[in-house]
Every structure is written in structure tokens, then in C-alpha cells.
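Peer 1: Numbering (full-length UniProt numbering), first residue to last: 1 to 143.
Where a beta carbon is used, it is the ideal one built from N, C-alpha and C, also for glycine.
Have a look at the structure that comes next, please.
See the structure below:
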């Protein structure tokens with residue numbers, strides 16, 4: 001039952017992602033448009049979650065409250081990241097998100113900080129300079 005519940009949840013999220021993402025339009029510029037990424041994510045998610053619903057191979061037991069709490073904290077970190085990205089900028093928001101998620105997955109503070117110090121500027125360089133996607137490095141609050 002657990003596998004089917006998870007498959008149904010992923011399927012519904014993928015349908016919503018597909019509906020919202022396919023409505024993105026841009027006037028000129030990129031011939032592919034912004035709707036390509038949601039399509040590339042949602043179509044395989046629909047197929048794979050459908051397979052989990054129709055043919056669950058292994059039933060996994062529900063985990064305890066500690067795992068559910070860690071999952072909720074992780075989701076909270078991602079929401080905080082999305083809301084803090086513009087005000088504090090990509091570098092600081094990514095640093096905080098990476099450090100928080102690393103701690104959540106069992107890293108100590110030193111390891112989490114090291115991963116965040118490498119990931120934040122690395123991802124900024126990748127997105128902003130290599131891929132040409134402009135990002136707010138420091139945000140509105142920092143200047």
C-alpha cells in the first residue's frame with residue numbers, strides 16, 4: 001500500500017507540474033521556451049509513478065516519526081530557499097540550503113559548511129557564467 005500511495009502522490013504532483021509548466025509562454029528569444037524543463041521532468045515522473053501504482057514490486061513499511069520530521073524539515077528548507085533566493089541572493093541562500101540539508105542527512109557542521117562553501121559559488125558559476133542564466137548573487141537585502 002505504501003508504494004501505491006507514494007506513486008499516486010508523485011503522479012498528482014507531476015500532473016500539476018505538467019499543467020502549470022506547459023502554460024509558460026515567452027514572447028521572443030529562446031525557441032524552445034521555458035516549458036521544456038517542466039515537460040522533461042513531468043513526463044517521466046508520470047510514467048514511473050504510474051508504474052508504481054499499477055505494479056508495486058516491494059512494499060516498504062512506514063517509517064517512524066523521526067523520519068517524517070526529517071522529511072518535513074527538508075521540505076521546509078526547500079521552501080525557505082525558494083522564498084529567500086531574491087531577498088538574500090543566490091550565494092547565501094544556496095549556502096544555507098546546502099548546509100541545512102547536509103546536516104539533515106547526517107553531516108557534521110564542518111562537513112556541511114565545506115560542502116556549502118564549494119557548492120554555492122560552483123553552482124553560481126555554472127548557472128550564471130556557463131549557462132548564461134542571470135542570478136541575483138547578493139540579493140535585495142545585502143545590496
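Taking three-plus beta-carbon pairs below 8 Å as touching, is the region 119-136 in contact with the region 77-90?
Peer 2: yes
Peer 1: Going by the beta-carbon positions, is the gap between residue 8 and residue 49 smaller than 9 Å?
Peer 2: As a working mapping, residue 8 is identified with position 8 in the chain shown. As a working mapping, residue 49 is identified with position 49 in the chain shown. It is a contact, given that the beta carbons lie within the stated cut-off.
Peer 1: Would you mind working out which of 113, 15, 141 sits nearest residue 46, comparing C-alpha positions?
Peer 2: Within the chain shown, residue 46 is the residue found at index 46, counting from 1. Here the closest residue by C-alpha is 15.
Peer 1: Quick check on residue 107: does DSSP put it in helix, strand or coil?
Peer 2: Against the chain shown, residue 107 aligns to sequence position 107. In the structure shown, residue 107 sits in coil (DSSP, three-state: anything other than H, G, I, E or B).
Peer 1: Given residue 127, which residues of its chain have a CB within under 6 Å of its CB, disregarding the five upstream and five downstream residues?
Peer 2: Walking along the chain shown from the start, residue 127 turns up at place 127. Listed in chain order, the non-local C-beta contacts of residue 127 below 6 Å within the same chain comprise 133, 135, local neighbours out to five positions each way being set aside.
Peer 1: Pick out whichever of 56, 96, 4 has its Cα sitting closest to the Cα of residue 119.
Peer 2: One-based indexing of the chain shown puts residue 119 at position 119. Among 56, 96, 4, the Cα nearest to that of residue 119 belongs to 96.
Peer 1: If we ignore side chains and look at the alpha-carbon of each, how far apart do residue 18 and residue 39 end up?
Peer 2: By one-based count along the chain shown, residue 18 stands at place 18. By one-based count along the chain shown, residue 39 stands at place 39. Going by the C-alpha atoms only, they are around 6 Å apart.
Peer 1: For residue 106, count neighbouring Cβ atoms within 10 angstroms of its own Cβ and tell me buried if that reaches 16, exposed if not.
Peer 2: On the chain shown, residue 106 is found 106 positions in, with the first residue counted as 1. Residue 106 comes out exposed.
Peer 1: Answer with buried or exposed for residue 100, where buried requires no fewer than 16 other C-beta atoms within 10 angstroms of its C-beta.
Peer 2: Position 100 of the chain shown holds residue 100. The residue in question, residue 100, is buried, as its Cβ has 16 or more Cβ neighbours within 10 Å.
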